[in-house]
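Asker: Protein chains in written order, with this note's numbering: chain U, 484 to 816; chain R, 3 to 283. I have a structure I would like to understand better, so I am pasting it below and will then ask my questions one at a time.
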Ligand SMILES: Nc1ncnc2c1ncn2[C@@H]1O[C@H](COP(=O)(O)OP(=O)(O)OP(=O)(O)O)[C@@H](O)[C@H]1O
Ligand SMILES: Nc1ncnc2c1ncn2[C@@H]1O[C@H](COP(=O)(O)OP(=O)(O)OP(=O)(O)O)[C@@H](O)[C@H]1O
Ligand SMILES: [Mg+2]
Ligand SMILES: [Mg+2]
């Protein structure tokens, strides 16, 4: 088994927000006690609820935020305590693709300046063949012919083209880990396929690892070694087969809500009647945070917050009291 | 108002009719033909999808039609764009504002951060869209229900937040709520659900579909997700390098794609969803 390159222990990020009236500050637990190991060279998908803390987790890993609680370690060294040299190594070895490419690209820099800036800072190539090198990076993400894009500013690019510049910028440094927040969301399936191929080529040649945040469950199923499902600041399930055998009721809900490319589909046009969750209106601060939406909730779920724990003998971990019962009830025949 | 025959394009019954639209940009010494001779129409109460290559001109098309092209260096903008028989490209700024205000069209942008006001709480921004000069207090009920329709479970919390305090998908839903607040006759939605998880996406699309049916709201949706097209749209345009290469009823696109690029899109999406072959149930 590979050593973890990044590991999180009890990591929380608590934002404070001013309440509507008055000056009281209320805490927002965006990430709430996450334990997670990211292994060298693996592709880990992070999927889940919108607003569940995925981007916040990415910012923590990129040292853009400091965790309110808990520790993050890089090859066993706590990020907090890295000396100057390690810190700069870290910044080179862990690269980012942000969720909103238009705001992560400098609006006053052309594509060429953006890439050249990164290449120079890390003295990647000699000045002589730099232009060829940069052109090759653009071609790799499907921006052809590359010369057409060199002199453009971000606002002169389409959403998907901006996204690909951000990807090119991250991979050109040949880092150890790439943390990519929704890197495929503005790309058509044919460019997506090309980027997914590029990623697996890079893995084969450089053993780079990926942490990919995405809502595209199909794409993640095709590329991830493991997937973590987040709900309200927590990892509620993690494993290598969550798409085939989901263990948490929320994971099931996510999978069931996918749309099929079938024009006779009826999920949007005539949705099935919603079945009310048994505990939908119960107030509790101590129980499971999925309680109010869970069709399978029972007494214990309202009383005790389930912790992430191994399920059976497999590699899956799940935070649900009833995981065994429920997965036994729906195993494939 | 009667419209002289000479100004009408094609079928007067169209809500939007676009003929031979060209939008060319100048980048240093090169001309980018972002939209290059596109014919396009939307019938009243119709739901139309636009799919296509990244960079094929989808966002530019929709922006030109709604005349939302702030300070861009446009080399050429030509063709006819009519909204209910009125020429949008030649309309004065005042008329355009009036059209937007009086239940004309709303737009959901591809990148919400650029269009939300960072200094106002989102509740206020939605209330302003509800009634530009109205009483913000009395609208708070409506604001809440709009946020619920956009898939929020705690609308109160969200209404009190500033845009930077929200996640990417939450901001996207706020844009949706703002667009729907105007009660438009026509909604342009540029990748409105890319940052949403599948359950919220489903909920938002169900809302759009319901408003589409109940209020006869026409919808033009740009998306890379053929599942969205399949389950929501009546008709689809497929774009490649500034041109429409195919237009078809949804069913026909999926079952009998004519253009090779459309066929590839359909095939790749089917392949992607076939990962579910070993369905867990
Ligand atoms: N600066 C901030 N101040 C207050 N709350 C914040 C701030 N940034 C994020 N949050 C809150 O933290 C939670 C998690 O946000 P985050 O952006 O990590 O979600 P996400 O999982 O990336 O969602 P999405 O899929 O929609 O992008 C949200 O409830 C959000 O409102
Ligand atoms: N202001 C501009 N100046 C120069 N070129 C532009 C400008 N805006 C867009 N373009 C170019 O026009 C083409 C069409 O862009 P558009 O944003 O319409 O594409 P799109 O189909 O929406 O793509 P995506 O799916 O990636 O969002 C692209 O090649 C883009 O680079
Ligand atoms: Mg996010
Ligand atoms: Mg676009």
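Ideal placement from N, C-alpha and C gives every residue a C-beta, glycine not left out.
(1) Taking the alpha carbon of residue 100/R as the reference point, which residue from 256/R, 184/R and 262/R has its own alpha carbon closest?
(2) Here's the rule I'm using: 16 or more other beta-carbon atoms within 10 Å means buried, otherwise exposed. How should residue 750/U be labelled?
(3) Less than 7 Å separating the beta-carbons of residue 461/U and residue 624/U?
(4) Any C-beta of chain R within less than 9 Å: which residues of the region 693-712 of chain U qualify?
(5) Indicate whether at least one CB of chain A lies closer than 7 Å to the CB of residue 274/R.
(6) Considering only heavy atoms of ligand 3, does any lie closer than 6 Å to the CB of residue 496/U?
(7) Does the Cβ-Cβ distance between residue 264/R and residue 240/R come in under 7 Å?
(8) Looking at residue 61/R and ligand 4, is the gap between the Cβ and the nearest heavy atom below 6 Å?
(9) Is there a Cβ of chain U sitting closer than 7 Å to that of residue 207/R, yes or no?
(10) Mind listing the chain R neighbours of residue 818/U? Cutoff is C-beta to C-beta under 9 Å, in chain order.
(11) At which residue ranges does the region 616-680 of chain U contain complete alpha helix (DSSP H) runs of 4 or more residues, listed in the order of the chain?
(12) Which residues, in order along the region 670-684 of chain U, keep a beta-carbon less than 9 Å from a beta-carbon of chain R?
(13) I need the straight-line Cα distance from residue 727/U to residue 76/R, nearest angstrom please.
(14) If distances are taken between C-alpha atoms only, which option among 735/U, 707/U, 536/U and 720/U comes closest to residue 522/U?
(15) Any beta carbon of chain R sitting closer than 7 Å to that of residue 748/U?
(16) Applying a beta-carbon distance threshold of less than 9 Å, which residues of chain R neighbour residue 631/U?
(17) Identify every run of the beta strand (DSSP E) within the region 29-81 of chain R, keeping only runs that are complete inside it and at least 3 residues long; order them along the chain.
(18) With distance defined between alpha-carbon atoms, name the residue in 502/U, 499/U, 600/U and 520/U nearest to residue 693/U.
(19) Run through DSSP, which three-state label would residue 215/R get?
(20) Please state if the CB of residue 615/U and the CB of residue 56/R are separated by a distance shorter than 7 Å.
(21) Could you work out which residue in 682/U, 637/U, 606/U and 698/U is closest to residue 590/U when comparing CA atoms only?
(22) What number of angstroms, rounded off, separates the C-alpha of residue 1/R from the C-alpha of residue 719/U?
(23) Where residue 490/U and residue 553/U are concerned, what is the direct C-alpha to C-alpha distance, given to the nearest angstrom?
(24) Ignore the nearest five residues each way along the sequence and tell me which others in residue 698/U's own chain have a CB closer than 8 Å to its CB.
(25) State the beta-bridge partners of residue 559/U as determined by DSSP.
(26) Can you find the residues in the same chain that come closer than 6 Å, C-beta to C-beta, to residue 798/U, ignoring five residues on each side of it along the sequence?
(27) State the Cα-Cα distance for the pair residue 145/R and residue 582/U, rounded to the nearest angstrom.
(28) Would you kindly report the start and end of the unbroken alpha helix (DSSP H) that includes residue 574/U?
(29) What residues in the region 731-761 of chain U bring their beta carbon closer than 7 Å to a beta carbon of chain R?
(30) For residue 496/U and residue 548/U, which I take to be in contact (beta-carbon distance under 8 Å), what is that distance rounded to the nearest angstrom?
(31) Going along the region 103-135 of chain R in order, which residues come within less than 7 Å of chain U, judged by CB to CB distance?
Answerer: In this structure, then:
(1) 184/R
(2) buried
(3) As shown, chain U starts at 484 and ends at 816. That puts residue 461/U outside it, with no answer to give.
(4) 698, 699, 700, 701, 702, 704 and 705
(5) Any reference to chain A falls outside this structure, whose protein chains are U and R.
(6) no
(7) yes
(8) yes
(9) yes
(10) Because chain U spans 484 through 816 in this model, residue 818/U falls outside it and cannot be assessed.
(11) 630-633 and 642-654
(12) 670, 671, 672, 673, 674, 675 and 676
(13) 50 Å
(14) 707/U
(15) yes
(16) 29, 32 and 34
(17) 32-44 and 49-54
(18) 520/U
(19) helix
(20) no
(21) 637/U
(22) The structure shown does not extend to residue 1/R, since chain R is modelled only from 3 to 283, so the question has no answer here.
(23) 11 Å
(24) 530, 533, 665 and 668
(25) Note: residue 559/U sits in no beta bridge, so no partner.
(26) 722 and 723
(27) 27 Å
(28) 567-576
(29) 736, 737, 740, 741, 742, 743, 744, 745, 746, 748, 750, 751, 752 and 754
(30) 6 Å
(31) 112, 113, 115 and 116
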